[in-house]
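A.B. asks:
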Amino acid sequence: MAATYFALFASGLAVLLLLVQGSPPGPVVQCRSGNTNCTVTNGYGAFPDRSTCCVAAVAYPSTELELLLAVSDATEKQQHMKAVTMYSHSIPKLSCPGGPSGQGLVISTQRLNRSVSVDMATSRMTFEAGITLRELLDAAAARGLALPHSPYWQGMTLGGLLSTGSHGSSVFGKGSAVHEYVVGMRLVVPSPAPVNGYYAKIVNLGEDDPDLLAAKVSLGVLGVISQVTLQLEPMFKRSITNRVVSDVGFEQTISSYAVTTYYGDISWYPSQRRVVYRDDIKVPITTEGKGVNDYLGFRAQPTHVGASLRASEERVEATGNAEGKCVLFRLQVDTLIATGMGLKNNDGGLLEFTGYPVVGNQSDMQSSGSCLRSAEDNLLTACGWDPRFAGSFYHETAISIPFTTVADFIADVKKLRDAHPNSLCGTELSLGFFIRFLRNSTAYLGKTDDVVEIDITYYRSRDPKRPRLYEDVLEEIEQMALFKYNGLPHWGKNRNVGFLNVKNKLGAKLAKFVSVMQKYDSNGLFSSDWTDAVLGLRGKEVVVQGDGCALEGLCICSTDDHCAPKLGYFCRPGEVYEQARVCRKIKSVEADGLAWSA
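Mature numbering (1 follows the signal peptide of the UniProt record, and there is no 0) puts the sequence shown at residues -22 to -1, 1 to 576.
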């Protein structure tokens, strides 16, 4: 089986390295009749609870006036609304309106995708909220300007990435969150009483307006972002070298590395006991180099290869062959490292990567996502997670932990790894434990401390009742990060349990946010059960109790039925973090002696 996987991977990689086209993602809103009677999903084809989001209609405004009309019409009817972006890559159900199922409205920002203005004297540019990150970077670069920080994935819109607090990696200056560089914003919000004939109004927030602290990271509950003004800077270059070392004691280097490496990040492969430091620094624009970041995981891939790789992973899961998964994924990591992790520095040559350092313009190095921009080829190739073929399907846990305690967290994870050496191989298909850095924020829903964000992507069964290999280990790590180390979730990622106790963690900052939310949308037309649950409002809860709920992260188990007892998975305490409650595979309940229900 490993030989088969190797052949599939090698053939797929050969095509991937040469590929110049691939089917772009399909629409996330699909309607039965024109723009009515629609379903809304995300870019992965499934929300955490696997529910179907039905709406009455979708609107596609192409101007701010049309956006005002759409919000006004819905407000007059007291119809719940949500903004939806072109690719909708948030994992939680942020794009599904509240109110009765099938009666809400989604407002697409797909056609609000233009550059509005530029002020070269101040290096500020204004964009419509539906512009994609790639389009924004190109528009700024054409003016000789650069966005200081951005997410690594460019398949996001400006409004979407701001609403979820998306970021890169840095603790220099204001840090790596894009919202720290917002100096102005225009929103369209509901109005209970007519304003110039409309049941909606335009709110224009300047950089000194305290309400901007709520609008910069809002989960979409204030209204629809129309335009954003960003503080940019003159174009510069970055120089990147990936450095592979043993993971012995690396947790003690995280803080010093973060404060000495401008754009540095770390990929930790725990089962392989190695770490990749991305030594990523800012260099003058005159530095020689035309490097490009085209991360392999974000390139279009042959769908038949992607489907075969997923089928191989499913067979490994079904047979319980954890060691086989470790062998398979080490091959993936070896190949990724050998090919520069997707960096290109040969100016279009057949051999894309010729060695370090790789130097290129900020706009070419800060993000990637070429699978989005390819020509249609009838799904011969696509992004690896495109739901139109049976490719990758996964959970993503992204939690930020204060610098002061992150070394202790890593040490605890190592204890679990050492007790179960094959338990974390499944994370290593996607950069292992991917570690980035952020500054604390004045935004009400921003980070409360200088933090290390740890992003873990891992297998999700297409059957919600089927557990994973070493289900308990990743559940314990998730709960350890959230509760022992008081971690905060990334708003656009995570399973439901990741959002437990957010209200208490944010404290007074959340209260200030809710005050602004009530000011702009007093009737909660842009709120939903999900956002209410996350924000601790209207009695809503993020957990969904029921048989098997812990397998999908919809709950933390408190009874065996929350796991999969018929398949040998029972609710048990954590091993390192004993307060955790996890679904563990038990060979013999009698020998285990822990049959319990709380």
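Heads up, the beta-carbon is just placed ideally off N, CA and C, and yes, glycines get one too.
Can you give me the Cβ contacts of Q56 inside the same chain, cut-off strictly under 8 Å, excluding the 5 residues immediately before and after it?
C.D. replies: Hits under 8 Å: N501 and L503.
A.B. asks: Smallest Cα separation from S141: which of S147, S128 and H157?
C.D. replies: If we check each option's Cα against that of S141, H157 comes out closest.
A.B. asks: Could you check the C-alpha separation between P380 and D525 for me, to the nearest Å?
C.D. replies: Roughly 34 Å separates the two Cα atoms.
A.B. asks: What does the Cβ neighbour count give for E354, buried or exposed, with the cut at 16 atoms within 10 Å?
C.D. replies: Under this definition E354 is an exposed residue.
A.B. asks: Give the C-beta separation of C304 and C403 to the nearest angstrom, bearing in mind that I take them to be a contact with Cβ-Cβ under 8 Å.
C.D. replies: 4 Å between Cβ atoms; contact.
A.B. asks: May I have the straight-line CA-CA distance separating V36 from I203, to the nearest angstrom?
C.D. replies: In a straight line, the C-alpha of V36 is about 17 Å away from that of I203.
A.B. asks: Would C561 pass as a contact of C533 if the rule is Cβ separation under 7 Å?
C.D. replies: For C561 and C533, no; Cβs fall outside 7 Å.
A.B. asks: Does M343 come out as helix, strand or coil in the three-state DSSP assignment?
C.D. replies: DSSP places M343 in helix when its eight states are reduced to three.
A.B. asks: May I ask you to report which of helix, strand or coil DSSP gives W131?
C.D. replies: In this structure, W131 counts as strand in the three-state DSSP scheme.
A.B. asks: Kindly identify the DSSP beta-bridge partner or partners of Y547.
C.D. replies: A542 and K563.
A.B. asks: Grab the span of the beta strand (DSSP E) containing M163 for me, first residue to last.
C.D. replies: Residues V160 to V173.
A.B. asks: Write down the C-beta distance between L488 and V195 rounded to the nearest angstrom, noting that I regard them as a contact closer than 8 Å.
C.D. replies: Actually they are not in contact, since the Cβ atoms of L488 and V195 sit about 12 Å apart, beyond 8 Å.
A.B. asks: Among G153, L357 and L136, whose alpha-carbon lies nearest the alpha-carbon of P126?
C.D. replies: When each option's Cα is compared against that of P126, the closest is G153.
A.B. asks: Tell me the rounded alpha-carbon separation between S147 and G514.
C.D. replies: About 29 Å.
A.B. asks: If distances are taken between C-alpha atoms only, which option among Y65, G76, G143 and S245 comes closest to R112?
C.D. replies: When each option's Cα is compared against that of R112, the closest is Y65.
A.B. asks: Go ahead and pull the three-state DSSP assignment for W246.
C.D. replies: Three-state DSSP puts W246 in a strand.
A.B. asks: Please report the residue range of the alpha helix (DSSP H) in which C304 lies.
C.D. replies: Segment A300 to A316, the alpha helix (DSSP H) holding C304.
A.B. asks: Report yes if the CB atom of F548 is closer than 7 Å to the CB atom of A192, and no otherwise.
C.D. replies: Not closer than 7 Å, so no.
A.B. asks: Just the Cα atoms here: how many angstroms apart are A558 and G76?
C.D. replies: Approximately 32 Å, taken between the alpha carbons.
A.B. asks: Which of helix, strand or coil does DSSP assign to A296?
C.D. replies: Of the three classes helix, strand and coil, the one that applies to A296 here is helix, per DSSP.
A.B. asks: Which residues share a DSSP beta bridge with Y372?
C.D. replies: DSSP lists Y437 as partners of Y372.
A.B. asks: Looking at the secondary structure, which residues open and close the beta strand (DSSP E) in which R216 lies?
C.D. replies: R216 -> beta strand (DSSP E) spans K215 to S224.
A.B. asks: Report yes if the C-beta distance between R288 and G201 is below 7 Å; otherwise report no.
C.D. replies: No, they are not a contact pair.
A.B. asks: Looking only at its own chain, which residues have a Cβ that is under 6 Å from the Cβ of G470, when we skip the five neighbours before and after it?
C.D. replies: Hits under 6 Å: S68 and T142.
A.B. asks: Let me know the secondary structure DSSP gives Q81 once reduced to three states.
C.D. replies: Q81: coil per DSSP, three-state reduction.
A.B. asks: Taking the continuous beta strand (DSSP E) assigned at T104, which residues delimit it?
C.D. replies: Here the beta strand (DSSP E) through T104 covers R102 to E106.
A.B. asks: Where do the N-terminal and C-terminal ends of the alpha helix (DSSP H) with V496 fall, by residue?
C.D. replies: Here the sequence assigns Gln to residue 496, which means Val is not the residue at that position. Taken as a continuous stretch (DSSP letters only), the alpha helix (DSSP H) holding Q496 covers A486 to Y498.
A.B. asks: Output the residue ranges of the beta strand (DSSP E) runs that lie fully inside the region 31 to 83 and measure 3 residues or longer, sorted by chain position.
C.D. replies: Listed in chain order, they are 31 to 37 and 59 to 62.
A.B. asks: Whole angstroms is fine: what's the gap from M319's alpha carbon to R252's?
C.D. replies: Whole-angstrom Cα-Cα distance: 15 Å.
A.B. asks: Please report the residue range of the alpha helix (DSSP H) in which V237 lies.
C.D. replies: Run containing V237: I232 to T238, per the alpha helix (DSSP H) assignment.
A.B. asks: Comparing C-alpha positions only, which one of D257, L90, S290 and W363 sits nearest to G21?
C.D. replies: The shortest C-alpha separation from G21 is found at W363.
A.B. asks: Would you call Q344 buried or exposed, if buried means 16 or more other Cβ atoms sit within 10 Å of its Cβ?
C.D. replies: Counting Cβ neighbours within 10 Å, Q344 comes out buried, since at least 16 surround it.
A.B. asks: Using three-state DSSP, classify C527 as helix, strand or coil.
C.D. replies: Residue state, collapsed to three classes: helix.
A.B. asks: For L197, which of helix, strand or coil comes out of DSSP?
C.D. replies: The answer is coil: DSSP assigns L197 none of H, G, I, E or B.
A.B. asks: Pair every Cβ in the region 429 to 441 with every Cβ in the region 166 to 183, then say whether three or more of these pairs are closer than 8 Å.
C.D. replies: The answer is no - the region 166 to 183 does not touch the region 429 to 441, with fewer than three Cβ pairs under 8 Å.
A.B. asks: With C-beta atoms as the reference, is A155 less than 7 Å away from L416?
C.D. replies: Contact flag set, yes.
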